[in-house]
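Residue numbers (this note's numbering): 4 to 550. Heads up: the structure comes next, in structure tokens.
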């Protein structure tokens, strides 16, 4: 299980930073050393050991970004040991972390989820911090034999600050087969054997930091974007015989539970809808969308030990993890006589067998009936599926239905803007602002600068058209607006304005065809989005007609 460090950035004046530490103005801190060791023992128990040495350069790093370390674990099956925790100040003074600075709390992901209130989060509050101080932390989490079925690793390399030396170790019994791969980097392991164990050690030097503007996909889907773009090196390793065996193990967790509870819920949701499969699907989709107070718990599949509660228990408790809600959705649809299945979305290494359960990024309920007028889950996964491997719970490859990605990717709407939308100005002038379609706004974070230094992967392509009929108030006329069109290898933007009886017809369309953006072709995306973001293109100027 990986160390969990929460990102919380606090701004600081650049002049102060330059005055204090001009040499390190480009980074908040630096990991002098970061080591992660995953060990599968002969008795089936596992250990994750994390060691870090982190030097602080700014007040933001000291007070917010790295002032605390957060470690999530399950005390029912895992034991956390803090081997060392201290701060070495700039003058060499060592400040050991006092016992009252080790605070055990409930993880925020488990809030309002009693079934997961046994999880713990150790908050290590680093003391004695000052500019130039170095934090030393060494801890391990040991999992009891049987809690985790196999060694399963998905370990991103980059941090928010540069890493001088990153060491990754795998230790397995000498006779145990292990599959591994380092994505987006070329380092090779040093392999050693002794005392009945086989070790694989990778050492990476001068690892550049990841951007603060990390891909914004929901949950682990941001990691999919980072890996697919080549921005994030990731270690994946597994002692499963193959990915199919790993997924079949997960399948055993997808249980119905008490069938009478499930059948009762289906009867409640579909009452009076018998014989109308589309209406039944819509009723279940509304329930899953949370319209009946069905809560969402943010405990990850990994933090839950790859375990799920049965669908009936999710119904009675009125909340579930993402995996549990997918199981419930599929279970309800099948109980209603509809066709549905679980789609498992995982990172895609170069060799399929190198994947384990840790590479599972998301789960989706794929239904044969599309719910109408209901927000669909699976939209992001469908848009990113060219960059993932998607299978059913038998390991058979799937293709997510196109409608999962289409709902947001293409929007065509017609609306009327009446006098209440008119913003009056001086001398009889006024403006009519037009709405900016949401699917396009979601891409703005990816075009904040005129250039990029690394590849980025957009969360989706966009094909969005919006037709707006503007009905002007009595005595007002449109002052005119020039049509615009920009087209390049990335896509096309069009603004068209036409006077019609009683007002103006505005047609706006944008098409972004290319998901992967490189430093060389990024300027084309920037040109399209810059034109689209120009508020002048989404504003009509009108004037009172002279009497």
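Think of the CB as a built atom: it goes at the ideal place given N, C-alpha and C, for glycine as much as any other residue. Fair warning: this is a prediction, and the values are worked out from it, not measured in the lab.
Practice prompt. Determine, using beta-carbon pairs with one atom in the region 137–149 and one in the region 345–356, whether at least three such pairs fall under 8 Å.
Written response: Flag = no, the region 137–149 and the region 345–356 do not touch.
Worksheet item: Per DSSP, which one or two residues make a beta bridge with residue 80?
Response: For residue 80, which the question treats as bridged, DSSP gives no partner whatsoever.
Worksheet item: Looking only at C-alpha atoms, which of 437, 306, 390, 520 sits nearest to residue 453?
Response: Cα-wise, what sits closest to residue 453 is 520.
Practice prompt. May I ask you to list the residues that DSSP assigns as paired with residue 370?
Written response: Beta-bridge partners of residue 370 (DSSP): 343.
Fill in: residue 172 versus 68, 284, 37, 75, residue with shortest Cα-Cα distance
When only C-alpha atoms are compared, the closest one is 37.
Worksheet item: Under 8 Å between the Cβ atoms of residue 56 and residue 130?
Response: Result no, Cβ atoms of residue 56 and residue 130 do not sit closer than 8 Å.
Practice prompt. For residue 426, count neighbouring C-beta atoms within 10 Å of its own C-beta (all shown protein chains included) and say buried if the count is 16 or more, exposed if not.
Written response: Exposed is the call here.
Item to complete: Out of 271, 190, 233, 398, point me to the one whose CA is closest to residue 335's CA.
Response: Among 271, 190, 233, 398, the Cα nearest to that of residue 335 belongs to 271.
Worksheet entry | Opening and closing residue of the beta strand (DSSP E) in which residue 207 lies | For residue 207, the uninterrupted beta strand (DSSP E) segment begins and ends at 200–210.
Worksheet item: Measuring CA to CA, which of 39, 244, 345 is closest to residue 54?
Response: Distances from the CA of residue 54 to each of 39, 244, 345 were compared; the closest alpha carbon is that of 39.
Fill in: Sub-8 Å separation of residue 159 and residue 30 beta-carbons
When the beta-carbon positions are compared, residue 159 and residue 30 stay at least 8 Å from each other.
Fill in: Where residue 69 falls, given that 16 or more other Cβ within 10 Å makes a residue buried
With 16 or more other Cβ atoms within 10 Å, it is buried.
Practice prompt. Please classify residue 183: does DSSP put it in a helix, a strand, or coil?
Written response: The three-state reading of DSSP puts residue 183 in strand, counting E and B together.
Discussion item. Would residue 501 and residue 508 be called neighbours here (beta carbons separated by less than 8 Å)?
Written reply: The answer is yes: Cβ separation under 8 Å.
Discussion item. Assuming contact is defined by CB atoms lying nearer than 8 Å, are residue 506 and residue 474 in contact in what I supplied?
Written reply: At the C-beta level, residue 506 and residue 474 come within 8 Å of one another.
Worksheet item: Just checking my contact of residue 65 with residue 163 at CB under 8 Å: how many whole Å lie between their CB atoms?
Response: Actually they do not touch by this definition, with Cβ atoms about 14 Å apart.
Worksheet entry | Cβ shell of residue 12 (< 7 Å), same chain only, five flanking positions each side left out | Its pLDDT being 26, under 50, residue 12 is placed unreliably in this model, and the value from its coordinates should be taken loosely. So the qualifying residues of the chain are 63, 67, 68, 215.
Worksheet entry | Buried versus exposed call for residue 553 [16 or more other C-beta atoms within 10 Å across all chains shown] | This structure leaves residue 553 out entirely; the chain is present only between 4 and 550.
Item to complete: Determine whether the Cβ of residue 78 lies closer than 8 Å to any Cβ atom of chain B.
Response: Going by chain labels, chain B is absent from the structure shown, which holds only one protein chain.
Discussion item. So the candidates are 316, 471, 542; which of them puts its Cα closest to the Cα of residue 482?
Written reply: Nearest option by C-alpha distance: 542.
Practice prompt. Could you check what DSSP says for residue 134 in three-state terms: helix, strand or coil?
Written response: DSSP, read as helix, strand or coil, puts residue 134 in coil.
Discussion item. Considering only their Cβ atoms, is the gap separating residue 356 from residue 245 smaller than 8 Å?
Written reply: Against a cut-off of 8 Å, the Cβ pair of residue 356 and residue 245 comes out as a contact.
Worksheet entry | Identity of the residue in 44, 486, 72 nearest residue 128 by Cα | Per the Cα distances, 72.
Discussion item. So for residue 432, helix, strand or coil by DSSP?
Written reply: It is a strand residue.
Worksheet item: According to the neighbour-count rule (16 or more other Cβ atoms, all chains shown, within 10 Å of its Cβ), is residue 375 buried or exposed?
Response: Under this definition residue 375 is an exposed residue.
Worksheet item: Are residue 367 and residue 381 close, meaning C-beta to C-beta below 8 Å?
Response: Yes.
Worksheet item: Alpha carbon to alpha carbon, how far is residue 484 from residue 467?
Response: If you take the alpha carbons of residue 484 and residue 467, they lie about 21 Å apart.
Worksheet item: Taking the C-alpha atoms as reference points, what is the distance between residue 533 and residue 459?
Response: Their backbone Cα atoms lie some 17 Å apart in a straight line.
Discussion item. Using a Cβ-Cβ cutoff of less than 6 Å, which residues in the same chain neighbour residue 18 once the five nearest sequence positions on both sides are dropped?
Written reply: For residue 18, the pLDDT reaches just 26, beneath the cut-off of 50, and the residue's location in the model is therefore unreliable, leaving the point undetermined.
Fill in: Alpha-carbon to alpha-carbon, residue 316 and residue 236
Taking the straight line from one Cα to the other gives about 39 Å.
Worksheet item: For residue 548, does the count of other Cβ atoms within 10 angstroms reach 16, so buried, or fall short, so exposed?
Response: That one is exposed.
Discussion item. Measuring alpha carbon to alpha carbon, tell me which residue in 285, 480, 259, 78 is nearest residue 319.
Written reply: That would be 259, whose Cα lies nearest to the Cα of residue 319.
Worksheet item: What residues in its chain sit with their C-beta under 8 Å from that of residue 35, if we drop five residues either side in the sequence?
Response: Contacts found: 56, 57, 58, 137, 167, 168.
Worksheet entry | Through-space distance from residue 76 to residue 105, alpha-carbon basis | Residue 105 and residue 76: Cα-Cα distance of roughly 14 Å.
Worksheet entry | Between the CA atoms of residue 327 and residue 223 - distance to the nearest angstrom | Their Cα atoms are separated by approximately 16 Å.
Fill in: residue 332 in three-state terms, based on DSSP
Helix.
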